[in-house]
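So the sequence shown is numbered by this note's numbering: it starts at 452 and just counts up by one. Even for Gly, the Cβ is constructed at its ideal location relative to N, Cα and C. What you are looking at is a predicted structure, and each value in this text was computed from that prediction instead of being measured. Okay, structure first, notes after.
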Amino acid sequence: MNKKIIVLLAIAFTGSSTLAQKKSFALMKKSEPVVEQPKKTVVYQVFTRLFGNTNTNNKPWGTIEENGVGKFNDFTDVALQEIKKLGVTHIWYTGVPHHDVIRDYTAFGISNDDPDVVKGRAGSPYAVKDYYNVNPDLAVDPAKRLEEFEALIARSHANGLKVIIDIVPNHIARNYKGLTNPKGVKDFGADDKTSVEYDRNNNFYYIPGKAFEVPTSSDYKPLNGEKNPLNDGKFSEYPAKWTGNGSRLAKPDINDWYETVKVNYGIRPDGTKDFPELPDGFDTKSIEEHAAFWKGKDVPNSWKKFRDIALYWTEKGVDGFRYDMAEMVPYEFWSYLNSSIKIKNPNAFLLAEVYNPKEYRNYIRLGKMDYLYDKVETYDHLKAVIQGKALPDGLSDIQNNLQDIEHHMLHFLDNHDEQRLASPEFAGTPEKGKPLMVVSATISSSPTMIYFGQEVGEAGNEDAGFGKRSRTSIFDYVGVPNHQRWMSDGRFDGKFLSEEERKLRDFYSRLLNFTLKSDAMMGKFKEIQSANRKITKGYDEGIYSYVRYSEKERLIIVTNFSWITKSNFFLTIPSDVIKEMNVSDGSYIIKDQLYGKNEATLNVNGGEGNIEIRIKPSESFIFKL
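See below:
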């Protein structure tokens, strides 16, 4: 492997402060009042069950009594204000809908869940048991769990934060049971014809004549073998249903999503569509036109059920949804659902998990999604860079290839599905992750998402039981150590953070707040990487640079992905870029906007720009012109 690649580390500088200029340049004249442009969006994903937990035992497979659990009420005004001050606009409360848990709530009319079809002790948040209520684990009083969540919605809004929750249309828990369905709402499968594999209005796919069998493995025992009245290797389901990931076996594999069943959206077993399809040209149609198309159309029953669920939560004040594994559901359904939501709330925030780049535009333009995960391109490439498996140069191609949809591709470096940014399996240290974060947050106009604890260097080192190291477990009752030190027993003042952790949180706060205020973040991207790679002496392989600009603001961003090598070079701003940025010949003092301490001089001669750069390992500069 190339030795230079191995030493790669990210330096990203995004500048947005006031700069003293030796020579000013003319800004474009405003002939009339300019309509305020949209700004960056920042999503703070929080695993609701873990956020407020102060227990530090972290016993593998531990119970609530042993390891503790957080509650809705732990999101106090102080906590929410501190999240807001971090530079956050939206908070995604992950794991809110009532899902399977191994805990006795029969006193509240809730049936016990079977460990044979539950992953972990705390259960998967993506095996939803009741869409019209919330996880009883999260309530101080489980009988009033919905009221406590409604209060959290109101409290979040009062503190200037929009609320996002999950909807998982592709699959639901095997033992789905709606206890608090609105009047007239029937449970999934209540009217299904179970004697056939498929019917258009069935909510599930069936395996007629066969009973479901619990998957087995020599390497896994539910609850780690702990005795439990329901832990008997059996689960009553006849006829068996298709499993959530599409398995058609009555006895799924242990690696299948056996805790869930797949929802039928009118896709026949042979893959053909059994519902009205959008006419040609609907990729350019408005939300209103999509809604009008579906009005009066006969659609599968599952479509109506999930529309009603989404509108139920919209009525309760939820501002948007994150859709799990959206590409496993046809984009026609998304057109139907999302247009229904947007008619009720035009500002709803709709984010989808889609991993097939060939389908991005269909889900955005035909499915009317606001945002998709930019996982397999930007995220994966940044991860490869910091692991010494790729050069940063490919980031320019990714951005240029996504130019027509770049605003719709949400950027992240950490979430509940992925290895923690600071873990040895990813960047290795929070410091190494800083340049990646600068690039992720500033290279496009897309929303930025961070995962709670990321801002204080959480590495996910706990063996929680079902969940293993490198990811903070979503299946277990566990503590999140770095986050707990920031939480400081409910004071949320970072009292117990180390000096390095305080500095890291300050870095995130500076970066995210800058992106919220920067006009250029919603402007254009122009790569200068290829020119500097070819002609600039001392432009080491870990360096990456680009510009972002609008009529009001011009930024020059320089990154050093190497955590070992400091670099000194004269950065070139090619003449075509200088022209597009509308910069005249002359000298300009440019100032870093992240910390406001570093200055440089941009010299423009004959239409070409030149800046002397001295950049340390893992350093980042955002220079404002």
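Handout entry: Supposed contact pair Y787 and L802 - C-beta distance, whole angstroms, cut 8 Å
Key = Between Y787 and L802 the Cβ distance is about 18 Å, and since that is not below 8 Å, they are no contact.
Handout entry: Inter-residue Cα distance where the pair is V896 and K826
Key = According to the sequence displayed, residue 896 carries Ser and not Val. Cα-Cα distance, rounded: 16 Å.
Problem - DSSP-derived helix/strand/coil call for Y959 - result: helix
Handout entry: 7 Å Cβ shell around G884 - same chain, five flanking residues per side excluded
Key = L864, L872, A873 and A878
Problem - Residue range of the alpha helix (DSSP H) that includes M888 - result: P881 to T893
Practice task
Taking 8 Å as the cut-off, decide whether the C-beta atoms of Y774 and E728 are in contact.
Solution key: no
Practice task
Answer yes or no: do Y824 and I901 have a C-beta to C-beta separation smaller than 8 Å?
Solution key: no
Handout entry: Segment limits, beta strand (DSSP E) that includes M860
Key = M860 to F863
Problem - With 16 other Cβ atoms within 10 Å as the buried cut-off, status of I618 - result: buried
Exercise for the section: Give a yes or no on whether the C-beta atoms belonging to M1032 and Y1000 are separated by under 8 Å. Expected result: yes
Problem - At least 3 beta-carbon pairs within less than 8 Å: the region 541 to 558 vs the region 613 to 629 - result: yes
Handout entry: Helix, strand or coil at D555 according to DSSP, with G and I counted as helix
Key = coil
Exercise for the section: Taking 8 Å as the cut-off, decide whether the C-beta atoms of Y995 and P843 are in contact. Expected result: yes
Practice task
Look up D670 in the DSSP assignment and say whether it is helix, strand or coil.
Solution key: coil
Problem - Proximal residues to N798 (C-beta, below 8 Å), its chain only, five neighbours per side dropped - result: D770
Exercise for the section: Assign K634 to one of two classes, buried (16 or more other C-beta atoms within 10 Å of its C-beta) or exposed (fewer than that). Expected result: exposed
Practice task
Run through the region 833 to 876 for me and flag every whole beta strand (DSSP E) of 3 or more residues, listed as ranges in chain order.
Solution key: 860 to 863
Handout entry: Identity of the residues DSSP links to Q496 by a beta bridge
Key = W543 and Y902
Problem - Nearest-angstrom Cα separation, counted from E909 out to A573 - result: 21 Å
Problem - CA-to-CA distance, A609 to D528, given in whole angstroms - result: 9 Å
Handout entry: Straight-line gap, F772 to S1035 (C-alpha atoms, nearest Å)
Key = 46 Å
Practice task
Using alpha carbons as the reference points, say which of K767, N563 and A691 lies closest to F648.
Solution key: Correcting the residue identity first, residue 648 is Glu in this sequence and not Phe. Nearest option by C-alpha distance: A691.
Handout entry: Cβ shell of Y782 (< 6 Å), same chain only, five flanking positions each side left out
Key = N813, Y814, L817 and G818
Practice task
Please confirm if the region 631 to 645 is in contact with the region 517 to 535, defined as three or more CB-CB distances below 8 Å between the two stretches.
Solution key: no
Handout entry: Whole alpha helix (DSSP H) elements within the region 736 to 783, 4-residue minimum
Key = 738 to 745 and 752 to 766
Exercise for the section: Determine the DSSP secondary structure at P548, reduced to helix, strand or coil. Expected result: strand
Handout entry: Cβ shell of V585 (< 7 Å), same chain only, five flanking positions each side left out
Key = V547, P548, H549, R596, L597 and F600
Exercise for the section: Quick one: residues in its chain with C-beta nearer than 6 Å to the C-beta of A777, no 5 flanking neighbours on either side, listed in chain order? Expected result: A803, E804 and V805
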